[in-house]
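Chemist: Using the UniProt record's numbering, you'd call the opening residue of the sequence shown number 1 and step up by one each time.
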Amino acid sequence: MESLSKVASNMSKFYRLNPIKLGCEVRGIDLKTENRPEVIEEIKKDVTAHRILVFKDQGIISGNRHVEISCWFGELESTFYKHPKSPHPDVFRVSNDSREGCTGVGRTGWHIDGSFQPAPFAYSLYHMVTVPKQGNTVFAPLNELIEGLPSAKRKEWERLWMLSDRRSGPIHPLIYPHPLTGKKTMCFHLGMTSDYLWDYGTPKERIATEEEFDRINKDIHYEFVKDDGKIQYSHKWEEGDFIISDNLAVAHEASPETQHKRDSVGLRVLHRTTIKGTAPPAK
Ligand SMILES: [Fe+2]
1 MESLSKVASN MSKFYRLNPI KLGCEVRGID LKTENRPEVI EEIKKDVTAH
51 RILVFKDQGI ISGNRHVEIS CWFGELESTF YKHPKSPHPD VFRVSNDSRE
101 GCTGVGRTGW HIDGSFQPAP FAYSLYHMVT VPKQGNTVFA PLNELIEGLP
151 SAKRKEWERL WMLSDRRSGP IHPLIYPHPL TGKKTMCFHL GMTSDYLWDY
201 GTPKERIATE EEFDRINKDI HYEFVKDDGK IQYSHKWEEG DFIISDNLAV
251 AHEASPETQH KRDSVGLRVL HRTTIKGTAP PAK
């Protein structure tokens, strides 16, 4: 079935899709000028089907245009610190030089974006404006990760809920069905969780002990790195890359090299927008 869907998707009328380890590369389209509704609809469908689209050779996409493309997917939600060099108030500017953008971003462990909101961000859109020699962004498919869990761990995780340490401290199920595909996915953030709850909303509900909290975090981390990180897709950025990800279906982490100094790897400037989630994760 998978190869059939790949063949079908490669026959897109509007652009070429080339499957990669997680998602597809997209060629033959210029995001700077594309506005046809039928093309936008196809891109949205392909983001849901493939989870990550890497648009190649897009040149430099302005802050305004980045925001316009983002609006295809819904309402922007811009919860970050506004760096003075950001090209638009809705564009999060990340860098390895604090004069150019926010540093240390994405380095607190595997996560999805926006788990501190009542509904996590539905999509993230990334554009690497200045490409360093090193500094990959690493993604991993959450449905495959869940499906690959040993059954005891899967049972345990199905009972767990996460409590965010930010904002209003929403409580989310660790495992829940993706709102568009119905496939099991995860809501989590290894660096921004204050507690886990067992059996939330039932008579057996209780907060995980400190020991359990540490073990759960370690267990989650382990699933991303086991077998030499076989489940990961490490994206080596190239000039002109523009990535649209289904933030609810894939987890990510910035590699340690993203923090390497400008003097050693060159300047890194990444622009990111995030789209408001419309459905709070529910069992
Ligand atoms: Fe992130």
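Idealized CB from N, CA, C, for every residue including glycine.
Using a 10 Å radius around the Cβ and a threshold of 16 neighbouring Cβ atoms, would you call N247 buried or exposed?
Modeler: It counts as buried.
Chemist: When DSSP labels each residue in this structure, what does A49 get in the three-state scheme?
Modeler: Residue state, collapsed to three classes: helix.
Chemist: Closest to T181 by CA distance: which of V67, V138, A49 is it?
Modeler: Of V67, V138, A49, the residue nearest in Cα terms is A49.
Chemist: Is it buried or exposed for P281, if we count other Cβ within 10 angstroms and need 16 for buried?
Modeler: P281 should be labelled buried.
Chemist: For the segment 77-97 against the segment 267-279, are there 3 or more C-beta pairs whose distance is under 8 Å?
Modeler: Output reads yes: the segment 267-279 touches the segment 77-97.
Chemist: Does DSSP put E2 in a helix, a strand or coil?
Modeler: Because E2 sits at a pLDDT of 48, beneath the cut-off of 50, its placement in the model cannot be relied upon, and the following sentence gives the value as read from the coordinates. Of the three classes helix, strand and coil, the one that applies to E2 here is helix, per DSSP.
Chemist: Excluding the 5 residues flanking S245 on each side, which residues of the same chain have their C-beta closer than 6 Å to its C-beta?
Modeler: Excluding residues within five positions, the ones whose Cβ falls inside 6 Å are I52, S124.
Chemist: Quick test of the definition: if touching needs 3 or more C-beta pairs under 8 Å, does the segment 127-144 touch the segment 248-264?
Modeler: The answer is yes - the segment 248-264 touches the segment 127-144, with three or more Cβ pairs under 8 Å.
Chemist: In this structure, does DSSP put H235 in helix, strand or coil?
Modeler: Strand, per DSSP.
Chemist: Residues in its own chain within less than 7 Å of V269 by CB, not counting five upstream and five downstream?
Modeler: The residues are R93, S95, E100, G101, V129, T130.
Chemist: If we ignore side chains and look at the alpha-carbon of each, how far apart do I159 and D199 end up?
Modeler: In the sequence under discussion, the amino acid at residue 159 is Arg, which differs from the Ile named in the question. Roughly 5 Å between the two C-alpha positions.
Chemist: For the segment 233-241 against the segment 55-64, do three or more pairs of beta-carbon atoms, one drawn from each stretch, fall closer than 8 Å, so that the two count as touching?
Modeler: Contact between the segment 233-241 and the segment 55-64 is present, because at least three Cβ pairs lie under 8 Å.
Chemist: Which residues share a DSSP beta bridge with Y81?
Modeler: None; Y81 has no bridge partner.
Chemist: Could you name the residues, in chain order, whose CB is less than 5 Å away from a heavy atom belonging to ligand 1?
Modeler: Taking each Cβ in turn, the ones that pass are G106, D113.
Chemist: Is the beta carbon of Y15 closer than 9 Å to that of G23?
Modeler: Not closer than 9 Å, so no.
Chemist: Do you know how far the Cα of H271 is from the Cα of D263?
Modeler: So the alpha carbons of these two residues sit roughly 21 Å apart.
Chemist: Quick one, which of E257, T193, T273 has its alpha-carbon nearest L174's?
Modeler: If we check each option's Cα against that of L174, T193 comes out closest.
Chemist: Give me the Cα-Cα distance between G229 and K218, rounded to the nearest whole angstrom.
Modeler: Computed Cα separation, rounded: 15 Å.
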